[in-house]
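There are 2 protein chains.
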Amino acid sequence: MTVFGLDDSAVRRHIADVSEAGDLDEAAVGERFSRAAWSVITEPGDGAAGALIDELGSAEALRAVLADADHAGPATSGCAPAAEDLARWKPRLRSAEVLRALSLAARVGARLLIPENERGAPGYWPRGASDLGVHAPIALWALGDPQRLNGARSSVALVGARAATGYGEHVAGELSAGLCDRGFAIVSGAAYGIDGMAHRAALASGGLTFAFLAGGVDRFYPSGHDELLRRVVERGVVLAELPCGAAPTKWRFLQRNRLIAACSSATVVVEAGSRSGSLNTAGHASTLGRPLGAVPGPVTSPASAGCHRLLREYDAVCVTTVAEAAELAGEPAEQVGAEQAGSRDSATVVRLLDALSTRSGRSVDELVARTGLAVPAVLAALGALDVDGRVQERGGAWFAQPRRG
Amino acid sequence: MTVFGLDDSAVRRHIADVSEAGDLDEAAVGERFSRAAWSVITEPGDGAAGALIDELGSAEALRAVLADADHAGPATSGCAPAAEDLARWKPRLRSAEVLRALSLAARVGARLLIPENERGAPGYWPRGASDLGVHAPIALWALGDPQRLNGARSSVALVGARAATGYGEHVAGELSAGLCDRGFAIVSGAAYGIDGMAHRAALASGGLTFAFLAGGVDRFYPSGHDELLRRVVERGVVLAELPCGAAPTKWRFLQRNRLIAACSSATVVVEAGSRSGSLNTAGHASTLGRPLGAVPGPVTSPASAGCHRLLREYDAVCVTTVAEAAELAGEPAEQVGAEQAGSRDSATVVRLLDALSTRSGRSVDELVARTGLAVPAVLAALGALDVDGRVQERGGAWFAQPRRG
Numbered sequence: 403m404t405v406f407g408l409d410d411s412a413v414r415r416h417i418a419d420v421s422e423a424g425d426l427d428e429a430a431v432g433e434r435f436s437r438a439a440w441s442v443i444t445e446p447g448d449g450a451a452g453a454l455i456d457e458l459g460s461a462e463a464l465r466a467v468l469a470d471a472d473h474a475g476p477a478t479s480g481c482a483p484a485a486e487d488l489a490r491w492k493p494r495l496r497s498a499e500v501l502r503a504l505s506l507a508a509r510v511g512a513r514l515l516i517p518e519n520e521r522g523a524p525g526y527w528p529r530g531a532s533d534l535g536v537h538a539p540i541a542l543w544a545l546g547d548p549q550r551l552n553g554a555r556s557s558v559a560l561v562g563a564r565a566a567t568g569y570g571e572h573v574a575g576e577l578s579a580g581l582c583d584r585g586f587a588i589v590s591g592a593a594y595g596i597d598g599m600a601h602r603a604a605l606a607s608g609g610l611t612f613a614f615l616a617g618g619v620d621r622f623y624p625s626g627h628d629e630l631l632r633r634v635v636e637r638g639v640v641l642a643e644l645p646c647g648a649a650p651t652k653w654r655f656l657q658r659n660r661l662i663a664a665c666s667s668a669t670v671v672v673e674a675g676s677r678s679g680s681l682n683t684a685g686h687a688s689t690l691g692r693p694l695g696a697v698p699g700p701v702t703s704p705a706s707a708g709c710h711r712l713l714r715e716y717d718a719v720c721v722t723t724v725a726e727a728a729e730l731a732g733e734p735a736e737q738v739g740a741e742q743a744g745s746r747d748s749a750t751v752v753r754l755l756d757a758l759s760t761r762s763g764r765s766v767d768e769l770v771a772r773t774g775l776a777v778p779a780v781l782a783a784l785g786a787l788d789v790d791g792r793v794q795e796r797g798g799a800w801f802a803q804p805r806r807g
Numbered sequence: 403m404t405v406f407g408l409d410d411s412a413v414r415r416h417i418a419d420v421s422e423a424g425d426l427d428e429a430a431v432g433e434r435f436s437r438a439a440w441s442v443i444t445e446p447g448d449g450a451a452g453a454l455i456d457e458l459g460s461a462e463a464l465r466a467v468l469a470d471a472d473h474a475g476p477a478t479s480g481c482a483p484a485a486e487d488l489a490r491w492k493p494r495l496r497s498a499e500v501l502r503a504l505s506l507a508a509r510v511g512a513r514l515l516i517p518e519n520e521r522g523a524p525g526y527w528p529r530g531a532s533d534l535g536v537h538a539p540i541a542l543w544a545l546g547d548p549q550r551l552n553g554a555r556s557s558v559a560l561v562g563a564r565a566a567t568g569y570g571e572h573v574a575g576e577l578s579a580g581l582c583d584r585g586f587a588i589v590s591g592a593a594y595g596i597d598g599m600a601h602r603a604a605l606a607s608g609g610l611t612f613a614f615l616a617g618g619v620d621r622f623y624p625s626g627h628d629e630l631l632r633r634v635v636e637r638g639v640v641l642a643e644l645p646c647g648a649a650p651t652k653w654r655f656l657q658r659n660r661l662i663a664a665c666s667s668a669t670v671v672v673e674a675g676s677r678s679g680s681l682n683t684a685g686h687a688s689t690l691g692r693p694l695g696a697v698p699g700p701v702t703s704p705a706s707a708g709c710h711r712l713l714r715e716y717d718a719v720c721v722t723t724v725a726e727a728a729e730l731a732g733e734p735a736e737q738v739g740a741e742q743a744g745s746r747d748s749a750t751v752v753r754l755l756d757a758l759s760t761r762s763g764r765s766v767d768e769l770v771a772r773t774g775l776a777v778p779a780v781l782a783a784l785g786a787l788d789v790d791g792r793v794q795e796r797g798g799a800w801f802a803q804p805r806r807g
């Protein structure tokens, strides 16, 4: 295929540089190149582009835009790009930009991931990303072995405030390590504070972790997490839907958050100020119908105010332990210890135990008067407690037995 | 009326000693005496007694028990006490006990409160107590001016762990004082820890507070709160459904908790271990359909584990401020500041602001390319931002204006 009037072999070479499989047929090359081009042309979450690609396929959709770019007008068919969309895409339709993004990616060793499996080669695509529908990423750029995306039973997003407290970082670390121990991968956004601790604890416990960036994967952000992100590349995956060379912007952070929510079975906000960006991630999780959890903290801590708002206003589940986070992500709830469950006494037993003493023996009549229970009820309860070894009768007088354990 | 074959004038004198109004007619004396007797005969929450009294009235119900006590048998009519109930009540049917309870009450200055208003004299009865139906208290014994029960717009129960932390006591104090400032009365159980702090802060802020005890009001419990309870008597009310002389037992604590829940518009658990008695109060509030709130705390604090369980399992509302506690108790929610509400930018504006700089002027074409938005969208957003003074045009180049405030 030729797009932009580019040389076929040049396109093929560029695509091979950012692909896992070396031997791609022409359709596979075309699919990948056009998705790379779309990721340059559009801002994240462009629903019109997503719908057009769903309709025509990415290569055909790109051809439609290129054709129409020459004689733009109002859309005449459902399969043709609308004029208002062309007006957004045309100013970015430059082949040089696409080739530059591919070159930058090749230089840092980034791989281009696309939703469909390639013929003859496995494709890697984060579970759940396609649940975003027409707002799903058109392509993803990945640093680190993309096979790892399938390496965990399921993923949990742990996100939160950059301005985290020691408490928040402690909890993030505990949850991350504990979830990794249970076989979950940890998804986060590589920011300072909670995000960084979530990745760090996952790495420290030998778990899998995925970092989604708001700009290109060739420019780690924040720069203070250069070393951390390098370690994520070695043992997990760093991902972005923006092509290499793209700077993170506020809009891109907000859209990046939808990927964190979509690519996880559940999202847990560990600590968040009342206007923290992690509340945006939480909102995406809610919209997608993904389970949403929030870790409570002291009401005196502004760093927990956002979590408390999620509990109050967004029906987030209160998460306090690794087990509860795992349950949120679909692991069967842990059984309450049989001992604890079995220790609930009936009202009659409570009243009878109130009336018994370990030192003074009491007759049944006395117990009847003290408890306000009838004789048969007292006798039945005494019998049951006797079997359990909790009361003892000596010469017509009943004694409570000191509780064991 | 004569019950137990007691002298009419003796009964009248005893009842006058524990009544607000001095001039009671025979029916009023009978009603009060029989309710006092029932409070001696039954354990708290005796639904069979409640149903019988609802059916016959307390005096007639007592007469039915006395009559049947001589020839007990299976109940033959819906209006007669059942044999199994008689078997519970008979052993406690002693006139001496009733007179003793009345004497002890008179000695400490306790008043007998009953649900119905007396003829010619106002009756005082805590709002909501009768919502317990057949499990409502048959009578209440009160120390302190019972008029105060009607002195607040509404009441909030603040309860929690005896083993409270500094954090929990701090929050209990803030909530109690803040709710009093808004005109609420504070209901609690006078225990160490959260309960004590709730009463103390209410007194300190000049508010009304009501303490429900599990034993008689003549024996303050815990004894370490003697002085605190004396101050509650001076400025609020100390209440119990058990007659004077009665000891607190585990069963009575559990039943006392239902009164705290019933006599409040909302219950807020401030701090509670995973098996704290305040979870029982919370359960009663839920059962009664009363709003239930829980204050979150650090997940690392066992003293907050019960609150988190309420948030997870009992659908309790997360309460972090006085305003949220007041809202729970029915006060209209506070408006979010208009400033905050109005500061939400549209997606287009976010993307445009991302692309603008305060230092480098950018043309519309440049903004179109940077934002991935179409020309009309960029122009419309620039126009709106211009009106708000957030952007400025100089010689065809657009600049962001530094944000004020």
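As given, the protein sequences belong to chains Z and E, one line each in that order.
Whatever position you read off the first sequence (first residue = 1), add 402 for my numbering.
Whatever position you read off the second sequence (first residue = 1), add 402 for my numbering.
Glycine included, each C-beta is placed from N, C-alpha and C at the ideal position.
Here the structure is a predicted model, which means the values were calculated and not measured.
Residue 699(Z) and residue 570(Z) look like a contact to me (Cβ under 8 Å); what is the Cβ gap, rounded to whole Å? Indexing the first sequence from 1 puts residue 699(Z) at position 297. Indexing the first sequence from 1 puts residue 570(Z) at position 168. Indeed, because the Cβ distance is near 7 Å, the residues count as touching under 8 Å.
Residue 612(Z) - containing beta strand (DSSP E), residue span: The count along the first sequence starts at 1 and reaches residue 612(Z) at position 210. First-last of the beta strand (DSSP E) with residue 612(Z): 611–614.
For residue 774(Z) and chain E, any beta-carbon pair shorter than 9 Å? By 1-based counting over the first sequence, the position of residue 774(Z) is 372. Closer than 9 Å to some Cβ of chain E, the Cβ of residue 774(Z) qualifies, so yes.
How many angstroms separate the CA atom of residue 593(Z) from the CA atom of residue 721(Z)? Translated into the one-based positions of the first sequence, residue 593(Z) becomes position 191. Translated into the one-based positions of the first sequence, residue 721(Z) becomes position 319. So the two alpha carbons sit approximately 21 Å from each other.
9 Å Cβ cutoff met for residue 417(Z) and residue 551(Z): Here residue 417(Z) corresponds to residue number 15 of the first sequence, with the count starting at 1. Here residue 551(Z) corresponds to residue number 149 of the first sequence, with the count starting at 1. Going by C-beta atoms, residue 417(Z) is not nearer than 9 Å to residue 551(Z).
Residue-chain proximity (residue 767(E), chain Z), Cβ-Cβ < 9 Å: Within the second sequence, the letter at position 365 stands for residue 767(E). It does: the Cβ of residue 767(E) has a partner Cβ on chain Z nearer than 9 Å.
Could you tell me the distance, in whole angstroms, from the CA atom of residue 566(E) to the CA atom of residue 734(Z)? Looking up residue 566(E) in the second sequence gives position 164. Looking up residue 734(Z) in the first sequence gives position 332. Just so you know, the alpha carbons of residue 566(E) and residue 734(Z) end up roughly 33 Å apart.
Is it buried or exposed, residue 409(Z), if we count other Cβ atoms within 10 angstroms and call 16 or more buried? Here residue 409(Z) is taken as the residue at index 7 of the first sequence, counted from 1. Counting Cβ neighbours within 10 Å, residue 409(Z) comes out exposed, since fewer than 16 surround it.
Cβ of residue 803(E) within 9 Å of any chain Z Cβ: Along the second sequence, read from residue 1 onward, the residue named residue 803(E) stands at position 401. Judged by the 9 Å Cβ criterion, residue 803(E) is not in contact with chain Z.
Spatial distance of residue 773(Z) from residue 454(E) (CA atoms): Mapped onto the first sequence, residue 773(Z) falls at position 371. Mapped onto the second sequence, residue 454(E) falls at position 52. Approximately 20 Å between the Cα atoms of the pair.
Name the chain C residues whose beta carbon is nearer than 7 Å to that of residue 756(E)? Among the protein chains of the structure shown, namely Z and E, there is no chain C.
On a CA-only basis, which of 606(E), 616(E), 496(E), 573(E) is nearest residue 591(E)? Give me that one, please. In the second sequence, residue 591(E) corresponds to position 189, counting from 1. Answer by Cα proximity: 616(E).
Excluding five sequence neighbours on each side, which residues of the same chain lie with their C-beta closer than 6 Å to the C-beta of residue 620(E)? Taking the second sequence and counting its residues from 1, one reaches residue 620(E) at position 218. Closer than 6 Å at Cβ, skipping near neighbours: 506, 510, 646.
Do the stretch 429–445 of chain Z and the stretch 530–537 of chain Z make contact, defined as three or more Cβ pairs closer than 8 Å? Not touching, per the Cβ criterion.
Check for me: the alpha helix (DSSP H) holding residue 458(Z) runs from which residue to which? Position 56 of the first sequence holds residue 458(Z). Start and end: 449–458.
Near-chain Z residues of the stretch 560–576 of chain E (beta-carbon distance less than 8 Å), N- to C-terminal order: 569, 572, 573
Neighbourhood of residue 803(E) by C-beta, 8 Å cutoff - its chain only, sequence neighbours within 5 removed: To locate residue 803(E), count along the second sequence from 1; it is residue 401. Cβ neighbours of residue 803(E) beyond the five flanking positions: 760, 791, 792, 793, 794.
Quick one: does residue 790(E) have its CB under 9 Å from some CB of chain Z? Taking the first residue of the second sequence as position 1, residue 790(E) is located at position 388. It does not: the Cβ of residue 790(E) has no partner Cβ on chain Z nearer than 9 Å.
Would you report the Cα separation of residue 537(Z) and residue 573(Z), rounded to the nearest angstrom? For the purposes of this step, residue 537(Z) is identified with residue 135 of the first sequence, where counting begins at 1. For the purposes of this step, residue 573(Z) is identified with residue 171 of the first sequence, where counting begins at 1. Straight through space, the alpha carbons of residue 573(Z) and residue 537(Z) are spaced by roughly 32 Å.
Within the chosen definition, does the stretch 709–728 of chain Z reach the stretch 751–771 of chain Z through at least 3 CB pairs nearer than 8 Å? no
Could you check which residue in 783(E), 422(E), 653(E), 589(E) has the C-alpha nearest to that of residue 447(E)? Walking along the second sequence from the start, residue 447(E) turns up at place 45. That would be 653(E), whose Cα lies nearest to the Cα of residue 447(E).
Flag residue 700(E) as yes if its beta-carbon sits less than 9 Å from any beta-carbon of chain Z, otherwise no. Counting from 1 along the second sequence, the entry for residue 700(E) is found at position 298. Cβ-Cβ to chain Z under 9 Å: yes for residue 700(E).
Three-way DSSP call (helix, strand, coil) for residue 486(Z) in this model: Taking the first sequence and counting its residues from 1, one reaches residue 486(Z) at position 84. In the structure shown, residue 486(Z) sits in a helix (DSSP, three-state: H, G or I).
Can you tell me whether residue 778(Z) is buried or exposed, with buried defined as 16 or more other CB within 10 angstroms of its CB? Working through the first sequence from its first residue, we reach residue 778(Z) at position 376. Answer is exposed; the Cβ neighbour count stays below 16.
Short CB-CB distance (under 9 Å) between residue 493(E) and chain Z: For the purposes of this step, residue 493(E) is taken as the residue at position 91 of the second sequence. It does; some Cβ of chain Z falls within 9 Å.
The beta strand (DSSP E) that contains residue 669(E), what's its start and end? As a first step, residue 669(E) is located in the second sequence; it is residue number 267 there, counting from the start. From DSSP, the beta strand (DSSP E) with residue 669(E) extends over 668–673.
Please report how far the alpha carbon of residue 765(Z) lies from the alpha carbon of residue 606(E), in whole angstroms. Numbered from its first residue, the first sequence carries residue 765(Z) at position 363. Numbered from its first residue, the second sequence carries residue 606(E) at position 204. Approximately 48 Å between the Cα atoms of the pair.
Quick check on DSSP: helix, strand or coil for residue 809(E)? Limits of chain E in this structure are 403 at one end and 807 at the other, which puts residue 809(E) out of reach.
What does DSSP give as the partner residue(s) for residue 562(Z) in the beta ladder? Walking along the first sequence from the start, residue 562(Z) turns up at place 160. BP columns for residue 562(Z) point to 673(Z).
Among the candidates 595(E), 585(E), 618(E), 582(E), whose CA atom is the shortest distance from the CA of residue 541(E)? Along the second sequence, one-based indexing puts residue 541(E) at 139. Nearest option by C-alpha distance: 618(E).
Can you find a C-beta in chain E that's less than 9 Å from the C-beta of residue 540(Z)? Indexing the first sequence from 1 puts residue 540(Z) at position 138. Not closer than 9 Å to any Cβ of chain E, the Cβ of residue 540(Z) fails to qualify, so no.
Am I right that residue 588(E) and residue 609(E) are in contact with their C-beta atoms under 8 Å? What's the rounded C-beta distance? Reading the second sequence from its first residue, position 186 is the one you call residue 588(E). Reading the second sequence from its first residue, position 207 is the one you call residue 609(E). That belief holds up - the Cβ atoms of residue 588(E) and residue 609(E) are roughly 6 Å apart, short of 8 Å.
Would you mind telling me which residues of chain E sit closer than 8 Å to residue 466(Z), beta carbon to beta carbon, in chain order? Mapped onto the first sequence, residue 466(Z) falls at position 64. Simply none; closest approach about 17 Å.
Give the DSSP bridge partners of residue 417(Z), in chain order. Locating residue 417(Z) in the first sequence gives position 15, counting from the first residue. BP columns for residue 417(Z) are empty, so no partner.
Can you tell me where the alpha helix (DSSP H) with residue 570(E) in it begins and where it stops? Looking up residue 570(E) in the second sequence gives position 168. Residue 570(E): member of the alpha helix (DSSP H) spanning 568–583, first to last residue.
Is residue 643(E) closer than 9 Å to residue 539(E) when the C-beta atoms are compared? Counting from one through the second sequence, the residue named residue 539(E) turns up at place 137. Counting from one through the second sequence, the residue named residue 643(E) turns up at place 241. Against a cut-off of 9 Å, the Cβ pair of residue 643(E) and residue 539(E) comes out as a contact.
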